[in-house]
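Undergrad: Take a look at the following structure, please.
Residue numbers (the working numbering), protein chains in the order written: chain E, 649 to 759; chain B, 4 to 119.
Structure representation (structure tokens):
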């Protein structure tokens, strides 16, 4: 059974700092990995999707990397802003469209 | 990306009643939709896969007779929580996959169900 873990569970950093969120998965035979953002009481917003053949994806201040062999992905956020405060979830897919979600990291950016 | 709506956004009901949650794809025809449940401070757990025109596929441990799913059209899937109990109180989110392009999944805003 695929397990997806995110460390840390919670993170607080001062505004302007760069930060890294971690995601690890036990089964490396993934099809793709996706990072989402969830605001309190809201649905999910897709941030980045990395196909299994890719090493990284970038969107603005966000950069996601994937090391399939070691079962790890990171989400790098540059120059953090208070508006980045949210819970960040990674999710893996095995090609059947079903997603297995990680445990999430609750990020707080301190103004 | 695809726009997904859910209705209602929040519902409070008495124990024993049934609650219907709608998930609509506003600009995308989805043959497959997914229903997830999220307990407080927990991650999302897939409950079932909703297939247009056929029966839903339920994950292990999810009671199909309690969580009725109907995917009657390419833009609408409904989840009915039958005879709801307080332990069914949760955040229910639907999603769909844009498998024609990037495999990205898009999610609705969620429905907060509270059973008294």
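Ideal Cβ positions, reconstructed from N, Cα and C, are used throughout, including at glycine.
If we define contact as Cβ-Cβ less than 8 Å, is residue 15 of chain B a contact residue for chain E?
TA: So no, residue 15 of chain B is outside the interface.
Undergrad: For residue 49 of chain B versus residue 746 of chain E, is the C-beta spacing smaller than 8 Å?
TA: Closer than 8 Å, so yes.
Undergrad: DSSP puts residue 9 of chain B in a beta bridge; with which residues?
TA: Looking at the DSSP assignment, residue 9 of chain B forms a beta bridge with B:26.
Undergrad: Comparing C-alpha positions only, which one of E:758, E:715 and E:720 sits nearest to residue 733 of chain E?
TA: Considering only alpha carbons, the answer is E:758.
Undergrad: When the Cβ atoms of the segment 704-715 of chain E are set against those of the segment 724-741 of chain E, are three or more pairs found closer than 8 Å?
TA: With a cut-off of 8 Å, the segment 724-741 of chain E and the segment 704-715 of chain E count as touching, because enough Cβ pairs lie within range.
Undergrad: Quick check: residue 86 of chain B and residue 42 of chain B, are their CB atoms within less than 8 Å of each other?
TA: No, the pair does not count as a contact, with Cβ atoms beyond the cut-off.
Undergrad: Can you list, in chain order, the residues of its chain with a C-beta nearer than 8 Å to that of residue 716 of chain E? Leave out the 5 residues immediately preceding and following it.
TA: Within the same chain, residue 716 of chain E has close Cβ partners 676, 678 and 700.
Undergrad: With 9 Å as the C-beta to C-beta threshold (strictly closer), list the residues of the segment 675-706 of chain E near chain B in chain order.
TA: Within the segment 675-706 of chain E, the residues whose Cβ lies closer than 9 Å to some Cβ of chain B are 679, 680, 682, 684, 686, 689, 690, 691, 692, 693, 694, 697 and 699, listed in chain order.
Undergrad: If distances are taken between C-alpha atoms only, which option among B:114, B:14 and B:79 comes closest to residue 27 of chain B?
TA: The shortest Cα separation from residue 27 of chain B among B:114, B:14 and B:79 belongs to B:79.
Undergrad: Just mark residue 88 of chain B as buried or exposed, buried being the case when its beta carbon has 16 or more other beta carbons within 10 Å.
TA: Exposed, since its Cβ has fewer than 16 Cβ neighbours within 10 Å.
Undergrad: Could you give the DSSP three-state label for residue 731 of chain E: helix, strand or coil?
TA: It is helical.
Undergrad: State yes or no: is the C-beta of residue 673 of chain E within less than 8 Å of the C-beta of residue 719 of chain E?
TA: Yes.
Undergrad: I need the DSSP call for residue 91 of chain B, collapsed to helix, strand or coil.
TA: Three-state result, residue 91 of chain B: helix.
Undergrad: Span of the beta strand (DSSP E) holding residue 32 of chain B?
TA: Premise fails: residue 32 of chain B is in no beta strand (DSSP E) and is neither H nor E.
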